[in-house]
Amino acid sequence: FVHIFHYGANMGCKKLDALDVQPLSAQPARVLGRCLRFASATGVPTSATEPAFGTLAPCSEGCVHGIVHAVLLSQLPRLSATEPGYQ
Numbered sequence: 118f119v120h121i122f123h124y125g126a127n128m129g130c131k132k133l134d135a136l137d138v139q140p141l142s143a144q145p146a147r148v149l150g151r152c153l154r155f156a157s158a159t160g161v162p163t164s165a166t167e168p169a170f171g172t173l174a175p176c177s178e179g180c181v182h183g184i185v186h187a188v189l190l191s192q193l194p195r196l197s198a199t200e201p202g203y204q
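So the sequence shown is numbered by this note's numbering: it starts at 118 and just counts up by one.
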């Protein structure tokens, strides 16, 4: 399995259930030195209902709260498919 930091909609059971992803565990977490920003990027689809995406950007006083999920490696492609544009 792999640990993944999630924030926003990716924390929700409804989205994970729709993707048939069942985390083995979920723990509250935070990332220091980052701020949540909304942006767009080449190759990342946007629409009228979702004109930008959330991303974590460096900032000295920042802190982003979310969840660390433990996910089976076999389920990772399902999550990655919903998040285009990331390496």
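In this text, a Cβ means the ideal position worked out from N, Cα and C, and glycines have one as well. A quick note: this is a predicted structure, and the numbers were derived from the prediction, not measured.
- Could you check the C-alpha separation between S197 and E178 for me, to the nearest Å? 29 angstroms
- Task: Tell whether a beta-carbon distance below 8 angstroms holds between P145 and A187.
- Result: Not a contact, by the Cβ cut-off of 8 angstroms.
- With DSSP as the reference, label P194 as helix, strand or coil. helix
- Query: Cα-Cα, which of H182, F170 and P175 is closest to T199?
  - Reply: F170
- Query: Cα separation between A126 and C176?
  - Reply: 22 angstroms
- Could you tell me which residues DSSP pairs with T206 in its beta bridges? Residue numbering for the chain in the displayed model covers 118 to 204; residue 206 lies beyond these limits and cannot be assessed.
- Where does the unbroken alpha helix (DSSP H) through L136 begin, and where does it stop? Segment: none, L136 is in no alpha helix (DSSP H) and carries neither H nor E.
- Task: Measuring alpha carbon to alpha carbon, tell me which of F118, Y124 and V185 ends up nearest C152.
- Result: When F118, Y124 and V185 are compared, the shortest CA-CA separation from C152 is found for Y124.
- Task: Go to F122, then tell me how far its beta strand (DSSP E) extends in each direction, as first and last residue.
- Result: V119 to H123
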